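K.L.:
For the sequence shown, the positions run 0 to 321 when numbering that gives the first Met the number 0 is used.
Note that beta-carbon positions come from the ideal geometry of N, C-alpha and C, so glycine has one too.
Just so it is clear, the structure is predicted and the values come from calculations on it, not from any experiment.
Sharing a structure below in structure tokens format, with a few things to ask.
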Amino acid sequence: MDQAISIDEFQKKLKRYEGHSPIFYRGQLKRFPDISSSISRDIGYMSNEHNIYQEAIHLKSDEFKKYSTPLEHLAKMQHYEIPTRLIDVTINPLYALFFAVEDVEDESPGLVYIFIQQPKELNSKEIQLLSLLATIEDLQIGHIQHLYEQTFHEQIEHHEILQIVNGSYFVPYTAKLQEANTRLFNQQGTFVICGNLVSEGEIQKDLLTLNSIKPSLIISVPYEYKETIKKELDAAHNINKATVYPELPSVAKYLKEKYKEINLSLDGTYSITEEQDISYPGVRRVSIKITLTKLLKINEIHSAVRYLINEYKGKLMWCQFS
């Protein structure tokens, strides 16, 4: 795992993959142990995947009537944050970096995963089959085969179903899905569609995570630098909550976050554990060792240093933070 504390350093680490294509990126917090779909994070969601799919279409039929395939329906549901078996990824590394650092208050580092993977076409058996599974309750292979051939008008064998289902597949970046999910356009995003666990030849309700596909690289952003990188993404690249999430409530959140006055208090955030006078004739010097009692953002650490410099005014200082 590599580490980056600035956008420039992040981009330099990606240079080794220039010439590789296609590349997909995923940003999230380190405290999440798996890269999983939203529907797999709750057993109630997972066991009722078909009900969630059918009820969403029924409740908002006007929103879904222009789309014809299960994948388009799932993409639309993903836009509205309805639990699905899709995992968001992007072809733009800076958007993945934004998602990794978006929550600046969470003390977990941000991670960006880099995948070099060949996607499956929208009309491939892999994408069609896994999207169809989200719509049905009976996972018997014969039933799946019948529905697949009825829906997509092509044959599929039992052994193909078992082989395909036990995998997860990247979906290509395409304008067709952007119509169903406008966030994809803003985020240069697409999906991974997750398969099902197979046990003793039987397809289970449990879904696979993206952990089964090894990333080419993982880049970590320490908590201390998340806020500065997030601000740099906004200032230098116009990547922020308002541009990533086009809905009006996101614009409101972005503006409130950007202009909110923050009263920084360093009380109780550090202690001086060692202080040594290292003066010599004509020069007053002091060496201090400071231990943080909680994680601080890099700008907060800078504020603590400035405060100490003022406290020890007139002396040369050597500071060590731990």
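Of the residues Phe169, Ile160 and Tyr168, which one's Cα is nearest the Cα of Gly200?
P.N.:
When only C-alpha atoms are compared, the closest one is Ile160.
K.L.:
Any chance the stretch 289-297 sits against the stretch 219-235, with 3 or more Cβ pairs inside 8 Å?
P.N.:
yes
K.L.:
Thinking just about the alpha-carbon of each residue, which of Val191, Thr134, Ala133 and Ile155 is nearest to the one in Gly326?
P.N.:
The structure shown does not extend to residue 326, since the chain is modelled only from 0 through 321, so no value can be given for it.
K.L.:
Assess, as a yes-or-no matter, whether the stretch 21-37 is touched by the stretch 82-90 under the definition of 3 or more beta carbon pairs within less than 8 Å.
P.N.:
yes
K.L.:
Does the distance from the C-beta atom of Leu110 to that of Leu207 stay below 9 Å?
P.N.:
no
K.L.:
Excluding five sequence neighbours on each side, which residues of the same chain lie with their C-beta closer than 8 Å to the C-beta of Glu120?
P.N.:
When the five nearest sequence neighbours on each side are left out, the beta carbons in the same chain lying within less than 8 Å of the beta carbon of Glu120 are those of Ile126 and Pro171, in order along the chain.
K.L.:
Give the DSSP-derived three-state secondary structure of Glu387 in the structure shown.
P.N.:
Examination of residue 387 is not possible in this model, given that the chain is present from 0 through 321 alone.
K.L.:
Nearest CA to the CA of Lys240: which residue from Glu106, Thr290, Gln186 and Arg84?
P.N.:
Gln186
K.L.:
Quick check on the DSSP output: the beta strand (DSSP E) that includes Asn332 runs from which residue to which?
P.N.:
This structure leaves residue 332 out entirely; the chain is present only between 0 and 321.
K.L.:
Taking only three categories from DSSP, how would you classify Lys124?
P.N.:
helix
K.L.:
Among Val103, Ser167, Asn50 and Phe151, which one has its Cα closest to the Cα of Ser35?
P.N.:
Taking each of Val103, Ser167, Asn50 and Phe151 in turn and checking the Cα distance to Ser35, the smallest one comes out for Ser167.
K.L.:
What are the boundary residues of the beta strand (DSSP E) that includes Leu28?
P.N.:
Ile22 to Leu28
K.L.:
Could you please give me the residues that DSSP links to Asp1 through a beta bridge?
P.N.:
Note: Asp1 sits in a beta bridge opposite Ile218.
K.L.:
List the whole-angstrom C-beta distance separating Ile228 from Leu129, where the pair is believed to meet the contact cut-off of C-beta under 8 Å.
P.N.:
Not quite, the Cβ-Cβ distance comes to about 34 Å (not below 8 Å), so this is no contact.
K.L.:
So Lys213 is in the alpha helix (DSSP H); what residue range does that whole segment cover?
P.N.:
Looking at the DSSP string, Lys213 is not in any alpha helix (DSSP H), and its letter there is neither H nor E.
K.L.:
Whose C-beta lies closer than 6 Å to the C-beta of Ile202 among residues of the same chain, with five residues either side of it excluded?
P.N.:
Leu138, Val164 and Asn195
K.L.:
Can you tell me whether Leu58 is buried or exposed, with buried defined as 16 or more other CB within 10 angstroms of its CB?
P.N.:
Residue environment for Leu58: exposed (fewer than 16 other C-beta atoms within 10 angstroms of its C-beta).
K.L.:
Taking just the CA atoms, how far does Ser286 sit from Gln275?
P.N.:
Going from the Cα of Gln275 to the Cα of Ser286 covers about 5 Å.
K.L.:
Could you tell me which residues DSSP pairs with Gly166 in its beta bridges?
P.N.:
Answer is none; Gly166 lacks a bridge partner.
K.L.:
Judging by CA-CA distance, which residue of Ile135, Asn210 and Tyr269 is the nearest neighbour of Met45?
P.N.:
Ile135
K.L.:
Run through the DSSP bridge pairs and tell me what Val191 is partnered with.
P.N.:
Val191 pairs with Ile86 and Phe169.
K.L.:
According to DSSP, simplified to helix, strand and coil, what is Ile371?
P.N.:
The structure shown does not extend to residue 371, since the chain is modelled only from 0 through 321, so no value can be given for it.
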